[in-house]
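Visitor: Residues 84 to 206 (our numbering) are what the sequence shown spells out, left to right.
Here a beta-carbon is modelled for each residue, glycine too, at the ideal position from N, C-alpha and C.
Model, not experiment: these values are computed from the prediction.
To start, I am sharing the structure in question, which I have written as structure tokens.
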Amino acid sequence: AEAAAHGWAVTICVSDAGGTPLVVRRHPDAFPASYDIAVGKARSAALFRKETASLEVAVNTSNGGGGRAAMLSAPFILMRGGVPIVENGMCRGAVGVSGVKPEQDEKVAKAAIFALKSSVSKL
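Written out as structure tokens, the structure is:
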């Protein structure tokens, strides 16, 4: 709903705690590579158990983690837009979004998690 409200053509991936995609939806106008990027962001957030924004900081800044450029060759997507789904302190999965600016991807991912948690709490 967040992406639609802004007219953003994105791909959204929801993964389990191991980073395996459970659901992936690509807007017809989203660029084709957004599929792989969204899946990678969800996988990275799930496996590291943290937002990919913090991983991006670790790679890009020396005080964020020593400028871990070696991570760039790993099979992870280290940019904003991947957010873990945390419940009772445990990672239950993650959401990855790609298609617009990284901060917008992140906004959509967080809105998706809020919507998921809201719908589950009503069951």
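Do S127 and G179 have their beta-carbon atoms positioned less than 9 Å apart in this structure?
Guide: Numbered from 1 along the sequence shown, position 96 holds the residue referred to as residue 179. Numbered from 1 along the sequence shown, position 44 holds the residue referred to as residue 127. Yes.
Visitor: Whole beta strand (DSSP E) runs in the segment 93-180 with 3 or more residues, listed along the chain?
Guide: 94-99, 104-109, 165-170
Visitor: If you follow the alpha helix (DSSP H) that A88 is in, where does it begin and where does it stop?
Guide: Here residue 88 refers to the residue found at position 5 when the sequence shown is read from its first residue. Its alpha helix (DSSP H) spans residues 85-89.
Visitor: Spatial neighbours of K124 within its chain, please: CB distance less than 6 Å, with the 5 preceding and 5 following residues excluded, ordered by chain position.
Guide: One-based indexing of the sequence shown puts residue 124 at position 41. Taken in chain order, the residues that qualify are T135, I160, G164, G165, G179.
Visitor: Hey, A129 and I95 are a contact pair by Cβ (cut 8 Å); roughly how many whole angstroms apart?
Guide: Here residue 129 is taken as the residue at index 46 of the sequence shown, counted from 1. Here residue 95 is taken as the residue at index 12 of the sequence shown, counted from 1. The Cβ separation is near 14 Å, so there is no contact.
Visitor: Closest to V93 by CA distance: which of V203, E186, L199 is it?
Guide: Here the question's residue 93 lines up with position 10 in the sequence shown. Ranking V203, E186, L199 by Cα distance to V93 puts E186 first.
Visitor: E189 to A87, Cα distance in whole Å?
Guide: Taking the first residue of the sequence shown as position 1, residue 189 is located at position 106. Taking the first residue of the sequence shown as position 1, residue 87 is located at position 4. Cα to Cα, E189 sits roughly 15 Å from A87.
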